[in-house]
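Here the structure is laid out as structure tokens; the discussion comes afterwards.
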Amino acid sequence: MQGQTPDSSFIDAVIVGNGPSALILSFILHGNIPCYNVDSPHPDPILHAKLKDATELLQLDVGRLTSHFEASRFPYSTQSLPINSLVDSLVRPFGETDDRDSSTCITWRHDPQRAVRHLALGETAQPGGQWTECPPGTTWDIQSLSYAGMLSLPGYSYYDHHYATHGSPLPAYTRPSRRGMAEYLAAYPRAVGIEDSTRNGQAVSGVSRTQDGFYIASHNIRCKHLILASGIFTEVKPARPLLQPLLSIPSQPSVPAKDKAPLLVIGSGFSAADIIISAARDQKIIHIFKWEPETSPSPLRSCHQQAYPEYAGVYKLMKRSTLPKFTTSRANRRSQAALSPFLKSREWDDIYEPLPNTLVVDVALNGAEGVVTFQRSDGSTFKRHVSGLSYAVGRKGSLAYLDKHLQREILGPQFDHSQDASIAKDTLVASAMADLEVAKDVFIIGSLTSDSLIRYAYGGCVYAAGKIIERCSRDQHCTDGGASPRPTLT
Ligand SMILES: Cc1cc2nc3c(=O)[nH]c(=O)nc-3n(C[C@H](O)[C@H](O)[C@H](O)COP(=O)(O)OP(=O)(O)OC[C@H]3O[C@@H](n4cnc5c(N)ncnc54)[C@H](O)[C@@H]3O)c2cc1C
Numbered sequence: 032m033q034g035q036t037p038d039s040s041f042i043d044a045v046i047v048g049n050g051p052s053a054l055i056l057s058f059i060l061h062g063n064i065p066c067y068n069v070d071s072p073h074p075d076p077i078l079h080a081k082l083k084d085a086t087e088l089l090q091l092d093v094g095r096l097t098s099h100f101e102a103s104r105f106p107y108s109t110q111s112l113p114i115n116s117l118v119d120s121l122v123r124p125f126g127e128t129d130d131r132d133s134s135t136c137i138t139w140r141h142d143p144q145r146a147v148r149h150l151a152l153g154e155t156a157q158p159g160g161q162w163t164e165c166p167p168g169t170t171w172d173i174q175s176l177s178y179a180g181m182l183s184l185p186g187y188s189y190y191d192h193h194y195a196t197h198g199s200p201l202p203a204y205t206r207p208s209r210r211g212m213a214e215y216l217a218a219y220p221r222a223v224g225i226e227d228s229t230r231n232g233q234a235v236s237g238v239s240r241t242q243d244g245f246y247i248a249s250h251n252i253r254c255k256h257l258i259l260a261s262g263i264f265t266e267v268k269p270a271r272p273l274l275q276p277l278l279s280i281p282s283q284p285s286v287p288a289k290d291k292a293p294l295l296v297i298g299s300g301f302s303a304a305d306i307i308i309s310a311a312r313d314q315k316i317i318h319i320f321k322w323e324p325e326t327s328p329s330p331l332r333s334c335h336q337q338a339y340p341e342y343a344g345v346y347k348l349m350k351r352s353t354l355p356k357f358t359t360s361r362a363n364r365r366s367q368a369a370l371s372p373f374l375k376s377r378e379w380d381d382i383y384e385p386l387p388n389t390l391v392v393d394v395a396l397n398g399a400e401g402v403v404t405f406q407r408s409d410g411s412t413f414k415r416h417v418s419g420l421s422y423a424v425g426r427k428g429s430l431a432y433l434d435k436h437l438q439r440e441i442l443g444p445q446f447d448h449s450q451d452a453s454i455a456k457d458t459l460v461a462s463a464m465a466d467l468e469v470a471k472d473v474f475i476i477g478s479l480t481s482d483s484l485i486r487y488a489y490g491g492c493v494y495a496a497g498k499i500i501e502r503c504s505r506d507q508h509c510t511d512g513g514a515s516p517r518p519t520l521t
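Read left to right, the sequence shown gives residues 32 to 521 (my numbering).
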């Protein structure tokens, strides 16, 4: 067992995960209390009126505060959970149109008396969750979807970090690279003083409910509250057995990309797009993707041409392949002129072969290449040589670190013990809508709640922290204002 304590210790809360949501929650549990700043009022006068006399935000009456959202002229998010939409709009009242936090309506008041003894245990080598990895086939330079302000955690923003490390301000509306984001998140715990509670390289397993809380067998820790921040992007969905041989084709770094057989990319979302964007300019690509715009549109569809030229560009290539071909040279010239720099950067007609709704029906290996038989939706088949496979149909999370009883408490009585406790984007959305406390003293935060963007993680963290801090203040296990020994792992 890794990270075991010599004696079983009892602490107020254990957070499973060390990604952005775990870091935000840990920041609050250190006694950083979010408060409504009446001197920087929300531009929605109705919301301001509801908040101005009760400024502490840990105990939010979400129903009352959001009851007018639907009819409001302010663009409150309707896609996210109400608590996430509410807190996001207080942190960033102007949303993406104001990337810096100068207009925020929240101040963080430090009150060490209300700190809660907790640990955030995450399996990655440094804090940052899924940002600590560079998915195969992509590069560390790939830009995030969100602007820096939307990725910033409380108390030390991405802008603060850039200034601290570069000595110059970062321009507003910057989309940080994956590397930049990983470095920011790695630096965050020390910058805001929460590194005493953040433990990396710690895979949690064997979590069970006890009479007075939970037991974490992997670390021999007992705790009163359990917060699941383990995310929905931990495991790559595996390719089906037929495709597996393509994954074992050795890469040939010495062969120039232009001389290689096409790379087969399967997937219709951001991960597949990242692989296409990261590929060498003259690497030929065969792209299989699901095209069902009415029932199951690609998430790339929502990417605006100006904000996300690469993702919008890949979407355009995919869409173009499903339309009748342009016939007049005038239409062709017009469409060429409208191309983004990304689309102009490669000879797409020569290197990109889109195959919407196409199936792989046979695979054979021929030396350092694969020979793949494809089947179109009309039943016709054809073959292509490929130099490898990038399978990017998505990722999933897992609650396998909980014992079967806890899994069932969270996933419901219909959960069959033979199932593998996988968590997709929508698995816990109904539970999250009802209550982020998905079982007694068990909370979900971050992407597990189905709101996967960092900006929406604040709401769940404020909610969970509010409940835990309130209960701890009346509980015998409550911290004594920092005088209790900090939880240790040896
Ligand atoms: C390719 C990609 C691009 C993205 N781009 C953006 C973007 O631009 N903007 C944005 O806001 N969001 C983006 N996201 C969404 C992403 O969900 C959030 O940015 C954020 O990482 C969510 O944080 P989290 O803390 O919920 O989970 P995660 O960051 O996923 O962290 C959870 C961590 O818990 C760990 N864990 C799981 N099980 C255990 C266990 N048993 N023991 C210990 N540790 C465990 C996991 O390994 C993981 O490291 C992107 C996601 C992906 C996949």
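Here a beta-carbon is modelled for each residue, glycine too, at the ideal position from N, C-alpha and C.
Small disclaimer: the values here were computed from a predicted structure and weren't measured.
Query, Result
"DSSP-derived helix/strand/coil call for I64", "strand"
"Through-space distance from R502 to D305, alpha-carbon basis", "44 Å"
"Nearest-angstrom Cβ-Cβ length linking D132 and S188, presumed shorter than 8 Å", "6 Å"
"Opening and closing residue of the beta strand (DSSP E) in which E468 lies", "E468 to A470"
"V286 burial status per 10 Å Cβ neighbour count (16 or more: buried)", "exposed"
"Stretch pair the stretch 172-191 + the stretch 229-238: three plus CB contacts closer than 8 Å", "no"
"Residue(s) in a DSSP beta bridge with E384", "I317"
"Nearest neighbour of I258, chosen from R505, F125 and L54 [CA to CA]", "L54"
"Separation of P106 from R25, as counted between CA atoms", "With the chain represented from 32 up to 521, any question about residue 25 goes unanswered, as that position is not in the structure."
"Environment of F357 [buried if 16+ CB atoms lie within 10 Å]", "Because the pLDDT at F357 is just 47, under 50, the model does not fix this residue reliably, and the value given afterwards should be weighed accordingly. It counts as exposed."
"Assigned secondary structure, D393 (DSSP; H/G/I helix, E/B strand, else coil)", "strand"
"The stretch 468-478 contacting the stretch 440-459, beta-carbon criterion three pairs below 8 Å", "yes"
"Limits of the beta strand (DSSP E) - the one that V417 falls within", "T412 to V417"
"E378, DSSP secondary structure in three states", "coil"
"DSSP beta-bridge partners of G244", "T241"
"S239: CB within 7 Å of a non-hydrogen atom of ligand 1", "no"
"Proximity test, D227 beta-carbon vs ligand 1 heavy atom, cut-off 7 Å", "no"
"Delimiting residues of the alpha helix (DSSP H) encompassing F105", "That residue, F105, is in no alpha helix (DSSP H); it is neither H nor E in DSSP."
"Contact test: N251 Cβ vs ligand 1 heavy atom, cutoff 7 Å", "no"
"Minimum length 3: unbroken beta strand (DSSP E) runs contained in the stretch 256-342", "294-297 and 316-320"
"Residues of its chain near S453, where Cβ-Cβ distance is below 6 Å and the 5 sequence neighbours each way are ignored", "K427 and S429"
"Span of the beta strand (DSSP E), counted from its first residue to its last, around I42", "S40 to V47"
"V235 Cβ short of 7 Å to ligand 1 heavy atom set", "yes"
"Rounded C-alpha distance that separates L433 from S71", "43 Å"
"Supposed contact pair I77 and A61 - C-beta distance, whole angstroms, cut 8 Å", "Rather than Ala, the amino acid found at residue 61 in this sequence is His. Wrong, their Cβ atoms sit about 33 Å apart, outside the cutoff."
"Cβ-heavy atom distance, Q161 to ligand 1, below 7 Å", "yes"
"Residue(s) in a DSSP beta bridge with L422", "Looking at the sequence itself, residue 422 is Tyr, so the reference to Leu does not match. Its beta-bridge partners are I297."
"V147 in three-state terms, based on DSSP", "coil"
"Neighbour-count burial assignment, K414, 16 or more Cβ in a 10 Å radius", "exposed"
"Distance between F264 and T521 (C-alpha atoms, nearest Å)", "Note that T521 scores 43 on pLDDT, short of 50, meaning its location in the model is unreliable and no value can be drawn from it."
"Start and end residues, alpha helix (DSSP H) containing G398", "Per DSSP, G398 belongs to no alpha helix (DSSP H) and is neither H nor E."
"Cβ pair Y178, R206 closer than 8 Å", "yes"
"S462, buried or exposed, once every other Cβ within 10 Å from all chains shown has been counted against 16", "buried"
"Any non-hydrogen atom of ligand 1 within 7 Å of E325 CB", "no"
"Candidates S302, E341, A85 and L152, of which the one nearest Y422 by Cα", "S302"
"Cβ-Cβ separation, C66 to T138 (assumed contact under 8 Å), whole Å", "5 Å"
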